Amino acid sequence: MTMTQPDDWTGWDDGSAPSCAVEGGADTPVPMTGIKGTLTQGAPLAKLVWFKCGGSADWLFEPADMDDLTHFIERLDSRFPVMALGLGSNMIIRDGGVPGVVIRLGKPFAAVEITGETEVTCGAGAPGILSASTARDAGIAGLEFLRGIPGTVGGFVRMNGGAYGSEVADILIDCQVIMPDGNLITLPACDLGYSYRHSNLPDGAIVVSARFKGVPGDPEAIGAEMDRIAEAREESQPLRTKTGGSTFKNPDGHKAWQLVDDAGCRGFQMGGAQVSEKHTNFLINTGDATSSDIEGLGEEVRRLVYEKSGVELEWEIQRVGRP
Ligand SMILES: Cc1cc2nc3c(=O)[nH]c(=O)nc-3n(C[C@H](O)[C@H](O)[C@H](O)COP(=O)(O)OP(=O)(O)OC[C@H]3O[C@@H](n4cnc5c(N)ncnc54)[C@H](O)[C@@H]3O)c2cc1C
49 MTMTQPDDWT GWDDGSAPSC AVEGGADTPV PMTGIKGTLT QGAPLAKLVW FKCGGSADWL
109 FEPADMDDLT HFIERLDSRF PVMALGLGSN MIIRDGGVPG VVIRLGKPFA AVEITGETEV
169 TCGAGAPGIL SASTARDAGI AGLEFLRGIP GTVGGFVRMN GGAYGSEVAD ILIDCQVIMP
229 DGNLITLPAC DLGYSYRHSN LPDGAIVVSA RFKGVPGDPE AIGAEMDRIA EAREESQPLR
289 TKTGGSTFKN PDGHKAWQLV DDAGCRGFQM GGAQVSEKHT NFLINTGDAT SSDIEGLGEE
349 VRRLVYEKSG VELEWEIQRV GRP
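Everything in the sequence shown is counted per the working numbering, starting at 49 for the first residue and increasing by one.
What follows is the structure in structure tokens.
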């Protein structure tokens with residue numbers, strides 16, 4: 049069974065950068081002859097991330113397909129750093145922008161297929177909700193938690209995304225990755241060095257697909273669990289705001305939100321950034337925040353939490369680029 053992205057895909061803010069195909073030249077990171085995707089210089093990234101702020105990518109490449117991506121990486125001048133971007137749901141793009149090439153896998157990498165009795169193969173650009181609902185329709189349980197995480201499979205695999213007691217490390221069989229030298233390799237889950245919200249995937253490595261294993265289940269029961277997850281999130285998280293999800297990792301034996309709350313930071317503001325009133329481990333952009341406001345607020349929260357409890361909070365949100 050093959051499914052592609054849902055009809056309401058555009059509702060996921062797929063917002064492609066302005067099109068501006070660049071032909072090969074000395075000042076481009078790659079000779080573009082024969083490459084079908086779009087390479088954009090100085091591409092604004094704010095509209096591609098949940099916080100809706102931050103600078104531009106020096107270059108943004110949106111590959112047309114897998115071969116295109118492989119050719120691009122093989123030819124890329126090694127002086128250009130590479131960073132993959134999913135739906136930017138766990139990302140502060142700093143105001144000075146991102147050096148090198150940002151690679152965004154969109155629709156061409158968003159297919160989800162049932163490839164075994166309890167096995168689901170997902171393109172790295174597929175959103176969690178599509179992965180979970182395809183598994184549900186095939187009677188495969190165990191992927192329900194992906195329903196509530198608003199990123200792509202590539203982001204989940206790198207971040208070991210998780211919720212409600214499950215995480216990617218529990219269900220990943222293996223993933224296909226394009227390494228910085230252009231080689232496509234298959235990495236079994238045990239080689240990813242998974243721990244809480246962390247993998248040891250090297251910088252510049254791009255996940256292009258992942259195979260997940262579930263267990264046989266009843267589609268109706270799986271659907272009910274997905275609905276329960278959706279409702280629980282709606283109640284407890286500021287889902288309809290410009291945010292980056294959980295800001296800090298839960299330290300051993302503590303809940304980050306509780307530490308932030310106990311330090312008196314609920315509703316605390318810096319410029320246009322605010323600690324959410326609804327969930328104190330979420331920072332929100334109230335309208336016109338800069339990334340510097342958001343990161344600065346996060347650092348101030350860390351300082352106040354340390355002062356109050358002696359616990360050093362560790363950022364879960366990835367902060368990238370030039371200040
Ligand atoms: C409202 C809200 C709720 C959230 N709830 C949860 C939750 O319950 N559990 C949870 O774990 N997270 C949660 N998050 C955070 C976020 O959704 C996850 O971290 C998710 O895995 C990020 O996916 P993404 O595609 O948006 O990645 P991005 O934010 O775009 O990137 C995150 C990291 O992954 C890397 N990356 C992205 N794609 C690839 C790829 N193809 N190959 C290699 N590296 C890649 C990026 O370079 C970056 O380092 C939440 C976020 C929001 C906004």
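Cβ coordinates follow ideal geometry from the N, Cα and C atoms, glycine included. Predicted model, so just to flag it, every value in this text is computed and none were measured.
- Within the stretch 111-151, the beta strand (DSSP E) runs of at least 3 residues that lie entirely inside it are, in chain order, 130-133, 139-141.
- The way I'd put it, the stretch 197-210 does touch the stretch 172-189; three or more beta-carbon pairs between them come closer than 8 Å.
- In terms of side-chain proximity, the C-beta atom of residue 294 is found nearer than 7 Å to a non-hydrogen atom of ligand 1.
- The beta carbons of residue 232 and residue 118 sit about 6 Å from each other, so the pair counts as a contact at 8 Å.
- Taking the Cβ atoms as the reference, residue 237 lies roughly 6 Å from residue 221, within the contact range of under 8 Å.
- Counting only runs that start and end inside the stretch 259-330, the alpha helix (DSSP H) elements of at least 4 residues fall at 267-284, 304-310.
- In the three-state scheme derived from DSSP, where H, G and I count as helix and E and B as strand, residue 222 is classed as strand.
- Under the 10 Å beta carbon count, residue 282 is surrounded by fewer than 16 other beta carbons and is classified as exposed.
- With respect to residue 338, residue 101 sits close: the two C-beta atoms are nearer than 8 Å.
- According to the DSSP assignment, residue 164 belongs to the beta strand (DSSP E) that extends over 160-164.
- Boundaries cannot be given for residue 213, as no beta strand (DSSP E) includes it and DSSP labels it neither H nor E.
- At a Cβ-Cβ threshold of 8 Å, residue 370 and residue 136 do not count as neighbours.
- Residue 259 has its alpha-carbon roughly 21 Å from the corresponding atom of residue 151.
- Out of 290, 257, 299, 186, the CA that lies nearest to the CA of residue 225 is found in 257.
- Counting along the chain, no beta strand (DSSP E) covers residue 342; the unbroken alpha helix (DSSP H) around it starts and ends at 339-357.
- In this chain, the alpha helix (DSSP H) harbouring residue 182 covers 176-185.
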